[in-house]
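J.: Read in order, the letters of the sequence shown are residues 35 to 300 in the working numbering.
The C-beta atom is built at its ideal place from N, Cα and C for all residues, glycine as well.
In this text, all values refer to a predicted model and were calculated from it rather than measured experimentally.
Can you keep this structure in mind? I'll have questions shortly.
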Amino acid sequence: MVYAYLPQILGELMVYSKKQTSCILNWLLFLVASPCTWKYKASKCSMAYCCSIALSTFTLLFTLFVAFTAQGFWKKFSEYREQATVFYKQRFIILLKGEVPNSYYVWSSYPLLNHAEETHVRIAVLEEYESDFNDDGKPDLIELNVTFPIEEKDKIYGVFYMFLFDYQLDQRSRFSISDSQLMVHESGDAMETAVLDDLEHVTASSSLTVSGDLWLDQATPFWSSGRDPDHGGALINESSLDLAQYNPVAIVSRNSFRNFTTTLKR
């Protein structure tokens with residue numbers, strides 16, 4: 035009888051021992067996973083509270099200062115590509131240069147200049163062609179052909195030309211017309227721009243071909259929206275009787291001081 039009940043008693047003792055061990059381990063794990071913490075809160079009149087407020091304010095202001103100076107929050111300057119609407123304004127000056135300084139021929143769309151240079155005037159024929167390949171209402175190609183009645187004895191070594199165009203942007207920037215001289219010749223929000231150059235040749239030439247893409251160069255960025263009043267004014271004031279404004283050097287100088295200029299990139 036004793037030997038028959040001994041395995042059962044030992045089994046119960048072993049089960050009881052495992053339960054005790056499990057409880058002890060759980061109690062130890064509970065002590066490690068849940069440490070005791072204490073929180074202290076300083077009063078609003080204490081030095082620690084004042085230092086905390088000052089540090090938080092400095093962190094906020096310093097972050098805003100760095101973000102503003104480094105353009106971190108928003109872009110101050112950006113660029114985009116847009117095909118402008120360009121139309122020829124029927125305004126031009128063409129000066130053919132000969133061998134000597136006083137040997138030149140001129141023709142323009144300005145009656146005052148033609149009358150003042152009557153002895154050097156050669157009436158030229160100007161033909162204009164505009165092509166819109168994709169039918170979007172914007173000329174993709176403007177061709178100007180100028181023919182001068184030059185005799186065989188005339189030697190041409192250089193040419194100065196100036197053609198004025200109406201230049202209009204529609205996507206973002208627009209241009210306000212506040213100059214009375216511009217209002218006479220421009221419509222809508224177009225600005226006056228010029229294509230000009232002064233070319234010299236070592237040998238005499240009888241013809242000249244100039245072609246390229248019309249690009250807009252800016253000295254300062256345009257406004258991102260609305261109308262930009264800094265259009266630079268007109269290159270030629272037709273109501274003025276001052277002949278000095280028709281001087282090629284003066285025209286190039288005035289054009290260089292404008293906020294925007296157009297160039298032919300060949």
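(1) Along the alpha helix (DSSP H) that carries N289, what are the first and last residues, could you check?
(2) Looking only at DSSP bridge pairs, what is W13 linked to?
(3) According to DSSP, is L198 part of a helix, a strand, or is it coil?
(4) For L95, which residues does DSSP report across the bridge?
(5) Kindly identify the DSSP beta-bridge partner or partners of L130.
(6) Keeping to the same chain, check which residues put their C-beta closer than 8 Å to that of K187; ignore five residues upstream and five downstream.
(7) Tell me, which residues are paired with L160 by DSSP?
(8) Less than 8 Å separating the beta-carbons of F182 and D174?
(9) Below 6 Å CB to CB, which residues in the same chain sit around K78 once its five sequence neighbours on both sides are set aside?
(10) With a threshold of 6 Å on Cβ separation, who are the neighbours of N179 within its own chain once the five nearest residues in sequence on each side are excluded?
(11) With the cut-off set at 8 Å, would you say A118 and Q202 are in Cβ contact?
(12) Output yes or no for whether 8 Å exceeds the beta carbon distance between L94 and P282.
(13) What do you reckon, are the CB atoms on L250 and V229 nearer than 8 Å?
(14) Measure how close the beta-carbons of A76 and A82 come, nearest whole angstrom, since I'm counting them as under 8 Å.
(15) Checking 8 Å against the spacing of the C-beta atoms, do N302 and Q279 come in under that value?
(16) Could you give the first and the last residue of the continuous beta strand (DSSP E) run that contains L233?
(17) Would you say Y191 and H154 are within 8 Å of each other, going by their C-beta atoms?
(18) Less than 8 Å separating the beta-carbons of Y139 and R156?
(19) What would DSSP say about N168, mapped onto helix, strand or coil?
T.: The short version:
(1) P282 to S290
(2) The chain is shown from 35 up to 300; residue 13 falls before or after that span and cannot be answered.
(3) strand
(4) Bridge partners of L95: none, in fact.
(5) Y139 and V193
(6) none
(7) V180
(8) no
(9) none
(10) E161
(11) yes
(12) no
(13) no
(14) 4 Å
(15) Nothing about residue 302 can be reported from this structure: the residues present for the chain run from 35 to 300 only.
(16) M225 to E234
(17) no
(18) yes
(19) coil
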